[in-house]
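Numbering (the numbering used here), first residue to last: 1 to 275. Where is the CB? At the ideal position from N, CA and C, for every residue including glycine. Below is one structure, written out as structure tokens, with a few remarks after it.
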Amino acid sequence: MHISHPAPDVTALTDAVPLPGIGFLPVNAHLLHAEQPVLVDTGLRAASAEFLDVLWSLVDPADLRWIYLTHPDRDHTGSVFEILEAAPSARLVTTFLGMGLLSLERPVPPDRVYLLNPGQSLDVGDRGLLAFRPPVYDNPATTAIIDDRTGTCFSSDCFGAPMTSRDLVESDDVAAIPHADLIAGQRLWAVLDSPWLCEVDRNLFHSSLHPLRDADPPVVLSTHLPPAHHRTAAMLDTLAGAPDAPPYIGPDQEAFLRLLTELEPATGGPAPQNG
Numbered sequence: 001m002h003i004s005h006p007a008p009d010v011t012a013l014t015d016a017v018p019l020p021g022i023g024f025l026p027v028n029a030h031l032l033h034a035e036q037p038v039l040v041d042t043g044l045r046a047a048s049a050e051f052l053d054v055l056w057s058l059v060d061p062a063d064l065r066w067i068y069l070t071h072p073d074r075d076h077t078g079s080v081f082e083i084l085e086a087a088p089s090a091r092l093v094t095t096f097l098g099m100g101l102l103s104l105e106r107p108v109p110p111d112r113v114y115l116l117n118p119g120q121s122l123d124v125g126d127r128g129l130l131a132f133r134p135p136v137y138d139n140p141a142t143t144a145i146i147d148d149r150t151g152t153c154f155s156s157d158c159f160g161a162p163m164t165s166r167d168l169v170e171s172d173d174v175a176a177i178p179h180a181d182l183i184a185g186q187r188l189w190a191v192l193d194s195p196w197l198c199e200v201d202r203n204l205f206h207s208s209l210h211p212l213r214d215a216d217p218p219v220v221l222s223t224h225l226p227p228a229h230h231r232t233a234a235m236l237d238t239l240a241g242a243p244d245a246p247p248y249i250g251p252d253q254e255a256f257l258r259l260l261t262e263l264e265p266a267t268g269g270p271a272p273q274n275g
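Structure below.
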């Protein structure tokens, strides 16, 4: 797990998921060191033990006040229940639908939940966090937030991109990514994560980019991208072209088996199959 400080008052906890045939997908959670500390998303389930060790080295469980869940997908909820148990004063910030979806896995006590809709702001003591619906998302419960003190935007899955190497996952800025690779990766991720993009009305979609373009946050922290400093306009331009990118179609069973064979260690044969 990689630890960095990508924006004022923010510590990032970064992991990566290898996507065969695609690349390495960054998975970021962020700790906002506000007067009332806020954890934005909770990492991967497979890395939960390490994630919790790092998290509690950064903030005392008794001091954590908010767990902001941008949406209840598994790469965002890896340690959410353990954190709720360890941090008695923390409340889970989500939407009504987000609470319902998360409760399919395990019920969340209502007194531990704070429901926040797009357009509403969460007071965390020394600043407010304005919730909004990002222009691209893969879960109907998704919200993103802008810190009204620093302007930092936590964009959830929006603007994500798989990296061509694991080293790039830990980049301090997207400027480290070759320009053509960044554009291709962001457009691929957009249509992979949000396949509905290929069917939207282009004019309406372009209009949905205006609020974030007008806000022009100095730093965008996506769950699935290295930090982006002073690049909001350029990333929105990239996103504007995503509906015209080829739809993503994953491998079928035959192609998947070929892919598994290619991933076998050179010295070993394929794993035995049952049945």
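Beta-carbon contacts of residue i that lie in its chain and below 7 Å, excluding the five residues immediately before and after
i: A34; result: D9, V124, G125, D126, R127
i: H230; result: P218
i: D15; result: M1, V27, G43, L44, A47
Euclidean distance between Cα positions of residue i and residue j
i: S79; j: A46; result: 9 Å
i: R258; j: W189; result: 23 Å
i: N274; j: L44; result: Confidence at N274 is low in this model, with a pLDDT of 46, below 50, so its placement is unreliable and the value that follows should be read with caution. Near 29 Å, if we compare the C-alpha coordinates of L44 and N274.
i: P20; j: C153; result: 30 Å
i: L32; j: P251; result: 39 Å
i: D53; j: N203; result: 46 Å
i: N117; j: I177; result: 34 Å
i: S103; j: D41; result: 16 Å
i: A180; j: A29; result: 26 Å
i: D157; j: D201; result: 21 Å
i: L130; j: G151; result: 10 Å
i: P211; j: T143; result: 14 Å
i: I308; j: A255; result: A query on residue 308 cannot be resolved here, the shown segment of the chain reaching from 1 to 275 and no further.
i: A49; j: H206; result: 41 Å
i: P18; j: L64; result: 31 Å
i: P272; j: L192; result: Legend: pLDDT at P272 = 46, less than 50; position of this residue unreliable, no value from coordinates given.
i: T164; j: F24; result: 6 Å
i: G268; j: Q253; result: No answer about G268 holds up, because its pLDDT of 47 lies below 50 and its placement is not dependable.
i: V108; j: T261; result: 42 Å
i: P195; j: T232; result: 22 Å
Per DSSP, cross-strand counterpart(s) of residue i
i: F154; result: I145, L221
i: M163; result: F24
i: S121; result: L130
i: S103; result: S103 pairs with nothing; no bridge assigned.
i: L13; result: I3, A29
Residues near residue i by beta carbon distance below 6 Å, same chain, minus five either side
i: D73; result: N139
i: N96; result: A small fix is needed here, since residue 96 is Phe in this sequence, not Asn. Closer than 6 Å at the Cβ level, and outside the excluded window around F96, lie L115.
i: F51; result: G43, S79
i: T94; result: L69
i: I22; result: P162
Contacts around residue i, its chain only, beta-carbon distance under 8 Å, and the 5 residues preceding and following it disregarded
i: Q186; result: F159, G160, A161, L225, M235, T238, L239, A242
i: R133; result: P118, T142, T143, A144
i: S121; result: G128, L129, L130, A131, D148
i: H5; result: T11, A12
Original post:
Do the stretch 159–170 and the stretch 81–99 meet, that is, are 3 or more Cβ pairs less than 8 Å apart?
Top reply: no
Subject >> Secondary structure, alpha helix (DSSP H): runs of 4+ residues fully inside the stretch 220–245 >> reply: 232–240
Original post:
Considering only residues of the stretch 17–92, which uninterrupted alpha helix (DSSP H) runs meet the minimum length of 4 residues and lie entirely inside it, listed in chain order?
Top reply: Unbroken alpha helix (DSSP H) stretches of 4 residues or longer found wholly inside the stretch 17–92: 48–58, 80–86, given in chain order.
**OP:** Counting only runs of 4+ residues fully inside the stretch 166–218, write out the alpha helix (DSSP H) ranges in chain order.
**Re:** 166–169, 179–193, 202–208, 210–215
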